Amino acid sequence: MIFGKKSEGYIDLEEYEVGEEGQEEAKMYVKVAEVQKFDDLKDFAKYIYEGNLLILDVSPISVDDIELERVTNELKKIVRDINGDIAGLDRNHFIVTPTGVKIDRRKLRKF
Numbered sequence: 879m880i881f882g883k884k885s886e887g888y889i890d891l892e893e894y895e896v897g898e899e900g901q902e903e904a905k906m907y908v909k910v911a912e913v914q915k916f917d918d919l920k921d922f923a924k925y926i927y928e929g930n931l932l933i934l935d936v937s938p939i940s941v942d943d944i945e946l947e948r949v950t951n952e953l954k955k956i957v958r959d960i961n962g963d964i965a966g967l968d969r970n971h972f973i974v975t976p977t978g979v980k981i982d983r984r985k986l987r988k989f
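In the numbering used here, the protein residues as written are 879 to 989.
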């Protein structure tokens with residue numbers, strides 16, 4: 879049973895509402911975005927400036943080292959501007975945090 883419903887096989891979580899009617903909205907959202915070109919950052923930066931955490935997939939531009947470097951440098955400028963943080967999850971994914979959210983780069987391991 880998941881969310882009070884019996885399920886067999888695949889579960890589409892989009893059909894389940896989170897929270898209740900009239901409940902206060904979240905102060906921060908985690909958003910996932912895919913960068914197709916450098917100009918996409920203008921739209922995605924807005925989410926970070928609004929206080930949201932962004933997970934960026936740069937796979938489409940990862941073959942172009944110059945474009946990837948431009949995107950990375952611009953992201954670094956944005957996080958410096960808002961006192962956020964940025965870290966690579968792997969070669970093609972970054973996590974970008976808003977003001978007041980820092981990334982702990984130490985991996986948690988079971989003792």
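Where is the CB? At the ideal position from N, CA and C, for every residue including glycine. Remember, it's a predicted structure, so these values are computed and weren't measured experimentally.
Check: Taking its Cβ as the centre, do 16 or more other Cβ atoms sit within 10 Å of Gly962, making it buried, or is it exposed?; Outcome: buried
Check: Determine whether the beta carbon atoms of Ile960 and Tyr907 lie at a separation below 8 angstroms.; Outcome: no
Check: With H, G and I counted as helix, E and B as strand and the rest as coil, what does DSSP make of Val957?; Outcome: helix
Check: Quickly, what does DSSP pair Lys909 with across the bridge? List them, please.; Outcome: Leu932
Check: What three-state label does DSSP hand Val974 in the structure shown?; Outcome: strand
Check: Along the chain, where does the alpha helix (DSSP H) that runs through Asp918 open and close?; Outcome: Asp918 to Tyr927
Check: Spatial neighbours of Pro938 within its chain, please: C-beta separation below 6 angstroms, excluding the five flanking residues on both sides.; Outcome: Gln914
Check: Please classify Thr977 as buried or exposed, where buried requires at least 16 other C-beta atoms within 10 Å of its C-beta.; Outcome: exposed
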